[in-house]
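At position 31 of the sequence shown (counting the first as 1) the number is 38 in my numbering, and the numbers step up by one without a gap. So the structure is just underneath, and the comments pick up after that.
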Amino acid sequence: MYFDLDGTLCTYDESFESLFRRAVSPHGTPTDAAYEAYVERLLTALDRCEPDPYRRGFETVTEEIDLDATPAALAANYCDIEVDATVVTADAKRVLDTVAATNPTGIITNGDGEQQRAKLEFHGLDDRVDEVLVSNSHGVRKPDRELFELAKARLDADEFVYVGDSYDEDIVGVREAGFRTVYVDGGSVAAEDAAAADGIVSSVGELLDDDSLPAALEGPFASQA
Numbered sequence: 008m009y010f011d012l013d014g015t016l017c018t019y020d021e022s023f024e025s026l027f028r029r030a031v032s033p034h035g036t037p038t039d040a041a042y043e044a045y046v047e048r049l050l051t052a053l054d055r056c057e058p059d060p061y062r063r064g065f066e067t068v069t070e071e072i073d074l075d076a077t078p079a080a081l082a083a084n085y086c087d088i089e090v091d092a093t094v095v096t097a098d099a100k101r102v103l104d105t106v107a108a109t110n111p112t113g114i115i116t117n118g119d120g121e122q123q124r125a126k127l128e129f130h131g132l133d134d135r136v137d138e139v140l141v142s143n144s145h146g147v148r149k150p151d152r153e154l155f156e157l158a159k160a161r162l163d164a165d166e167f168v169y170v171g172d173s174y175d176e177d178i179v180g181v182r183e184a185g186f187r188t189v190y191v192d193g194g195s196v197a198a199e200d201a202a203a204a205d206g207i208v209s210s211v212g213e214l215l216d217d218d219s220l221p222a223a224l225e226g227p228f229a230s231q232a
């Protein structure tokens, strides 16, 4: 059984724009244009699985505004701030522990390998799973089937389930690789609008007590005595 990271196991207590401004403000005045340029370049780097995506994003920022710090230093500061802003609930950890007690368990996440693994280590999630696959470390991103096929090869199981919060990347894409799916929709999507998912919950913590999951998915999430 695999889980997504951002938006599924991990959330944020601050907006990304606020994190950006906190990283930049000690070195100059952040602007809306600088933030927009940063986001565009960062997302492009992540989509292309380029190395050092945050540094590349901040290189664009230093072209927009005068700052007394290098792109590498700004990126390192931002990444630390972002990790500190992550939130993993006790329920999310309990889900991982419960599933891992009886099933091979892993995490598949898009993003920069170093940054995503820093989040896992910060919250002790890396010790709770058997495998971690980060898109940029493998040169392919969800919903590309290649990443999910690689995940299947990493864990010994007859059937695979994936839990994620992005309908296109985590549900539609992974079903093509033969996974069953649980969609974490944040309570905002009607069941009929998420027809490709085998189960729907509003938060990952509901996996341990949600009676609406199909019988085929209930077993892996059953509480252990």
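The C-beta atom is built at its ideal place from N, Cα and C for all residues, glycine as well.
Tell me which residue opens and which closes the beta strand (DSSP E) that residue i is part of.
i      : result
Arg187 : 187 to 191
Leu214 : Neither: Leu214 is in no beta strand (DSSP E) and is coded neither H nor E.
Leu74  : Note, Leu74: premise wrong, no beta strand (DSSP E); not H, not E.
Gly35  : Gly35 -> no beta strand (DSSP E), and no H or E assigned at all.
From the DSSP output, which residues share a beta bridge with residue i?
i      : result
Glu93  : In the sequence on display, residue 93 carries Thr and not Glu. In the DSSP output, where bridge partners are listed per residue, Thr93 has Tyr19.
Thr116 : Val141
Tyr42  : Note: Tyr42 sits in no beta bridge, so no partner.
Over the uninterrupted alpha helix (DSSP H) stretch that includes residue i, give me the two end residues.
i      : result
Tyr61  : 60 to 71
Leu157 : 152 to 161
Gly120 : 120 to 129
His145 : 142 to 145
Of the choices the options, whose alpha-carbon is the least far from that of residue i?
i      : options                       : result
Leu214 : Thr69, Thr105, Val141         : Thr105
Asp134 : Leu81, Ala108, Gly180, Asp172 : Ala108
Phe186 : Tyr169, Lys100, Glu66         : Tyr169
Ala203 : Gly212, Arg152, Glu183, Tyr42 : Glu183
Asp151 : Ala99, Asn84, Val46, Cys56    : Cys56
Phe10  : Asp91, Pro111, Tyr42          : Pro111
Glu128 : Val147, Ser142, Asp87         : Asp87
Cys17  : Ser25, Thr67, Leu81, Gln123   : Gln123
Tyr42  : Leu103, Val191, Thr15, Leu81  : Leu81
Residue i by DSSP, collapsed to three states: which one?
i      : result
Gln231 : With a pLDDT of only 43 at Gln231, under the threshold of 50, the placement of this residue in the model should not be trusted; the figure read from the coordinates follows. Residue state, collapsed to three classes: coil.
Asp177 : helix
Leu53  : helix
Phe10  : strand
Glu183 : coil
Ala107 : helix
Val208 : strand
Taking 8 Å as the threshold, find out whether the stretch 15 to 34 comes into contact with the stretch 151 to 166 through three or more Cβ pairs.
no
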